[in-house]
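Colleague: The structure follows.
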Amino acid sequence: MANGSLITDELRKLIGMTLETIVFKVEEGAIQRYAEAIGDPNPLYNDPDFASKTKYGRLLAPPGFTGWPVKAGRLSQRLLGSLAKAGAPSRLLDGGIEFEFIEPIGAGDVLTATTKIASITERETKLGKTMFTTLETTFVNKKGDVAIKSRSTFILF
Amino acid sequence: MAKQVYYEDVEVGTEVTPLAKIATTRMLVQWAGASGDFNPLHYDDGFAKAMGVGAPIVHGALKRAWLGHLMTDWIGEQGKLMKLSCQYRGMDYPRKMKTMDEPHDGETWWCKGKVTEKYEEGGEHLVECEIWVENGKGEKTTPGSALVALPARSRK
Numbered sequence: 000m001a002n003g004s005l006i007t008d009e010l011r012k013l014i015g016m017t018l019e020t021i022v023f024k025v026e027e028g029a030i031q032r033y034a035e036a037i038g039d040p041n042p043l044y045n046d047p048d049f050a051s052k053t054k055y056g057r058l059l060a061p062p063g064f065t066g067w068p069v070k071a072g073r074l075s076q077r078l079l080g081s082l083a084k085a086g087a088p089s090r091l092l093d094g095g096i097e098f099e100f101i102e103p104i105g106a107g108d109v110l111t112a113t114t115k116i117a118s119i120t121e122r123e124t125k126l127g128k129t130m131f132t133t134l135e136t137t138f139v140n141k142k143g144d145v146a147i148k149s150r151s152t153f154i155l156f
Numbered sequence: 000m001a002k003q004v005y006y007e008d009v010e011v012g013t014e015v016t017p018l019a020k021i022a023t024t025r026m027l028v029q030w031a032g033a034s035g036d037f038n039p040l041h042y043d044d045g046f047a048k049a050m051g052v053g054a055p056i057v058h059g060a061l062k063r064a065w066l067g068h069l070m071t072d073w074i075g076e077q078g079k080l081m082k083l084s085c086q087y088r089g090m091d092y093p094r095k096m097k098t099m100d101e102p103h104d105g106e107t108w109w110c111k112g113k114v115t116e117k118y119e120e121g122g123e124h125l126v127e128c129e130i131w132v133e134n135g136k137g138e139k140t141t142p143g144s145a146l147v148a149l150p151a152r153s154r155k
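Here it is, written out as structure tokens:
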């Protein structure tokens, strides 16, 4: 390890670890407020009567509704707390996210989100010495099917 | 809602119908509440300065949500969004309520995209797109990509 690396031995031990799993219910009002905040008038996200008559049968959640930091974000924040404890830099920026949408999610669904630290890397950026932490989250529905997979990157400096 | 786009309608280079957006300080508050992201980076001047971004910035995740809106509008009722990704590369600053009607440079946004590939796989008609959020200064602050399945007029 090069001198002055941001990645301490404690941080290295966290790579690959699943620290916690949370279960949450997708609420109708939360979907509507989310759609309103985006400015998306799609009736699938806004009108429960309309949505109930579609193939989805319930108010549908917009893509990314489960993304950081909604619900599972509480988990991400806990993970980031662990990073801080292990000596990671304290300033944080959201670097980006990749989603894979497998099954639709909607109002009333109960999802189990499991997040693990997929990788911790570092490199020099215009912010100085910068650490990149990638979290992988899997959302499983009540039937046991994986509904969504996400991979988000946090920039710590 | 726009008319349904079919697999046969698109070619490499076809433009995704652009979507205009405006971020205001009020909308950032609304997004914080709806998403649960209460990071002071998005509403506290002093905190934003200490973070080195100058002033409160638009949430990356809000711009990502706009890109989701862009794609689901374009693919219509029969399309399926399979993958969406983006990177928060550049900062955007929200329009202030006081200057709502006289925006500063950069305080207007377009979500845009174009088709980069189309192919059939596993019985699905798939289309890959390059997508991005572009501000009024012409900066692509939030580049990304999307994979969608479109309905086909002639299913084999």
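Protein sequence lines, in the order shown, are assigned to chains A and B.
Numbering follows numbering that gives the first Met the number 0, with no gaps: position 90 of the first sequence is 89.
Numbering follows numbering that gives the first Met the number 0, with no gaps: position 94 of the second sequence is 93.
Even glycine gets a Cβ: it sits at the ideal position worked out from N, Cα and C.
Values in this document were obtained by computation on a predicted structure and should not be read as measured data.
Does ILE147(A) have its Cβ less than 7 Å from a Cβ in chain B?
Modeller: Taking the first residue of the first sequence as position 1, residue 147(A) is located at position 148. By this cut-off, ILE147(A) is not an interface position.
Colleague: At the level of alpha carbons, what is the spacing between PHE23(A) and ALA29(A)?
Modeller: To locate residue 23(A), count along the first sequence from 1; it is residue 24. To locate residue 29(A), count along the first sequence from 1; it is residue 30. Each residue's alpha carbon lies about 12 Å from the other.
Colleague: Check the DSSP bridge columns for LYS164(A) and list the partner residues they point to.
Modeller: Absent from the structure is residue 164(A), since the part of chain A shown begins at 0 and ends at 156.
Colleague: Going by beta-carbon coordinates alone, are LEU146(B) and MET81(B) separated by less than 7 Å?
Modeller: Here residue 146(B) corresponds to residue number 147 of the second sequence, with the count starting at 1. Here residue 81(B) corresponds to residue number 82 of the second sequence, with the count starting at 1. In contact: LEU146(B) and MET81(B) (Cβ atoms closer than 7 Å).
Colleague: If we cut at 7 Å on Cβ distances, does PHE98(A) have a partner in chain B?
Modeller: In the first sequence, counting from the first residue as 1, residue 98(A) sits at position 99. So yes, PHE98(A) belongs to the interface.
Colleague: Below 8 Å on the Cβ atoms is my contact criterion, and I expect VAL57(B) with LEU83(B) to pass it. Report the Cβ-Cβ distance as a whole number of Å.
Modeller: Within the second sequence, the letter at position 58 stands for residue 57(B). Within the second sequence, the letter at position 84 stands for residue 83(B). In fact, because the Cβ distance is near 18 Å, the residues do not count as touching under 8 Å.
Colleague: Which residues of chain B have a Cβ atom closer than 9 Å to the Cβ of ASN41(A), listed in chain order?
Modeller: For the purposes of this step, residue 41(A) is taken as residue 42 along the first sequence, with counting starting at 1. The answer, in chain order, is MET0, HIS68, THR71 and ASP72.
Colleague: Answer yes or no: do ALA106(A) and GLU27(A) have a C-beta to C-beta separation smaller than 7 Å?
Modeller: To locate residue 106(A), count along the first sequence from 1; it is residue 107. To locate residue 27(A), count along the first sequence from 1; it is residue 28. Yes.
Colleague: If you draw a straight line from the alpha carbon of GLY45(B) to that of TYR6(B), how long is it in whole angstroms?
Modeller: Here residue 45(B) corresponds to residue number 46 of the second sequence, with the count starting at 1. Here residue 6(B) corresponds to residue number 7 of the second sequence, with the count starting at 1. So the alpha carbons of these two residues sit roughly 50 Å apart.
Colleague: Check distances from the C-beta atoms of the region 75–90 of chain A to those of chain B and list, in chain order, the residues that come in under 9 Å.
Modeller: Flagged, chain order: ARG90.
Colleague: Helix, strand or coil for ASP153(B), going by three-state DSSP, please let me know.
Modeller: Looking up residue 153(B) in the second sequence gives position 154. One point to set straight first is that residue 153(B) is Ser, not Asp, in the sequence displayed. Residue state, collapsed to three classes: coil.
Colleague: What does the alpha-carbon distance come out to for the pair ASP36(B) and GLY59(B)?
Modeller: To locate residue 36(B), count along the second sequence from 1; it is residue 37. To locate residue 59(B), count along the second sequence from 1; it is residue 60. Each residue's alpha carbon lies about 11 Å from the other.
Colleague: For a cutoff of 7 Å on Cβ pairs, would you count SER84(B) as touching chain A?
Modeller: Against the second sequence, residue 84(B) aligns to sequence position 85. Yes, its Cβ sits closer than 7 Å to a Cβ of chain A.
Colleague: Along the region 15–34 of chain B, where does the CB come closer than 8 Å to a CB of chain A? Name the residues.
Modeller: Those would be LYS20, MET26, GLN29, TRP30, GLY32, ALA33 and SER34, in chain order.
Colleague: Check whether the Cβ atoms of GLY80(A) and ARG63(B) sit closer than 7 Å, and answer yes or no.
Modeller: Position 81 of the first sequence, counting from 1, holds the residue named residue 80(A). Position 64 of the second sequence, counting from 1, holds the residue named residue 63(B). Not in contact: GLY80(A) and ARG63(B) (Cβ atoms no closer than 7 Å).
Colleague: Pick out the complete beta strand (DSSP E) segments inside the region 107–133 of chain B, 3 residues or longer, and give them in chain order.
Modeller: Whole beta strand (DSSP E) segments, 3+ residues: 108–120.
Colleague: Of all the beta strand (DSSP E) runs that stay within the bounds of the region 86–116 of chain A, which reach a length of 3 or more residues?
Modeller: If we require 3 residues or more, the beta strand (DSSP E) runs fully inside the region 86–116 of chain A come out as 91–100.
Colleague: Under DSSP, the beta strand (DSSP E) around THR152(A) begins and ends at which residues?
Modeller: Your numbering for residue 152(A) matches position 153 in the first sequence. THR152(A) -> beta strand (DSSP E) spans 145–155.
Colleague: Does the pairing of the region 89–96 of chain B with the region 134–145 of chain B give three or more beta-carbon distances under 8 Å?
Modeller: They touch, by the three-pair rule.
Colleague: Applying a beta-carbon distance threshold of less than 9 Å, which residues of chain A neighbour GLY59(B)?
Modeller: The residue labelled residue 59(B) in the question sits at position 60 within the second sequence. Chain A residues near GLY59(B): LEU92, ASP93, GLY94, GLY95 and ILE96.
Colleague: Report the rounded CA-to-CA distance for MET130(A) versus ILE154(A), giving the unit in angstroms.
Modeller: On the first sequence, residue 130(A) is found 131 positions in, with the first residue counted as 1. On the first sequence, residue 154(A) is found 155 positions in, with the first residue counted as 1. Taking the straight line joining both Cα atoms gives about 6 Å.
Colleague: Determine, using beta carbons only, whether GLU145(B) comes closer than 7 Å to chain A.
Modeller: In the second sequence, residue 145(B) corresponds to position 146, counting from 1. Checking the sequence shown, residue 145(B) turns out to be Ala, not Glu. Not an interface residue.
Colleague: Would you mind giving the Cβ-Cβ distance between SER118(A) and THR133(A), rounded to the nearest angstrom? I have them listed as a contact below 8 Å.
Modeller: Taking the first sequence and counting its residues from 1, the one referred to as residue 118(A) is at position 119. Taking the first sequence and counting its residues from 1, the one referred to as residue 133(A) is at position 134. Contact flag correct, Cβ pair sits at about 5 Å.
Colleague: Could you give the distance in angstroms between the alpha-carbon of LYS34(A) and the alpha-carbon of ASN41(A)?
Modeller: Walking along the first sequence from the start, residue 34(A) turns up at place 35. Walking along the first sequence from the start, residue 41(A) turns up at place 42. The sequence given here places Ala at residue 34(A); Lys does not occur at that position. So the alpha carbons of these two residues sit roughly 8 Å apart.
Colleague: Is it right to say ALA54(B) is buried, meaning 16 or more other beta carbons lie within 10 angstroms of its own, or is it exposed?
Modeller: Stepping through the second sequence from its first residue, residue 54(B) is reached at position 55. So ALA54(B) counts as exposed.
Colleague: I want to verify the contact list: residues of chain A whose CB lies under 7 Å from the CB of TRP65(B), in sequence order.
Modeller: Locating residue 65(B) in the second sequence gives position 66, counting from the first residue. Here the neighbours are ILE37.
Colleague: Using three-state DSSP, classify LEU58(A) as helix, strand or coil.
Modeller: On the first sequence, position 59 is the one that residue 58(A) refers to. Of the three classes helix, strand and coil, the one that applies to LEU58(A) here is coil, per DSSP.
Colleague: If we define contact as Cβ-Cβ less than 7 Å, is ASP144(A) a contact residue for chain B?
Modeller: Sequence index remark: in the first sequence, residue 144(A) carries index 145 (1-based). For ASP144(A), the answer is no, since every Cβ of chain B falls outside 7 Å of its Cβ.
Colleague: For GLU99(A), I'd like the list of residues in its chain whose CB is within less than 6 Å of its CB, leaving aside the five on either flank, ordered along the chain.
Modeller: Against the first sequence, residue 99(A) aligns to sequence position 100. LYS148.
Colleague: What are the residues of the region 87–98 of chain B that lie near chain A, defined by any Cβ-Cβ distance shorter than 9 Å?
Modeller: Going along the region 87–98 of chain B in chain order, one finds TYR87 and ARG88 with a Cβ nearer than 9 Å to chain A.
Colleague: Tell me whether ARG57(A) is buried or exposed, calling it buried when 16 or more other Cβ atoms sit within 10 Å of its Cβ.
Modeller: Residue 57(A) sits at position 58 when you count from the first residue of the first sequence. Buried, since its Cβ has 16 or more Cβ neighbours within 10 Å.
Colleague: TYR33(A) CB to nearest chain B CB: under 7 Å?
Modeller: Taking the first residue of the first sequence as 1, we reach residue 33(A) at position 34. Cβ-Cβ to chain B under 7 Å: yes for TYR33(A).
Colleague: Output needed for VAL15(B): all residues of its chain with C-beta closer than 8 Å, excluding positions within five of it in sequence on either side, in chain order.
Modeller: Within the second sequence, numbered from 1, the residue matching residue 15(B) stands at position 16. Excluding residues within five positions, the ones whose Cβ falls inside 8 Å are LEU69, MET70, TRP73, LYS111, GLY112, LYS113, VAL114, CYS128 and ILE130.
Colleague: Does the distance from the CB of GLN86(B) to the CB of PRO142(B) come in under 7 Å?
Modeller: Taking the second sequence and counting its residues from 1, the one referred to as residue 86(B) is at position 87. Taking the second sequence and counting its residues from 1, the one referred to as residue 142(B) is at position 143. Taking 7 Å as the Cβ cut-off, GLN86(B) and PRO142(B) qualify as a contacting pair.
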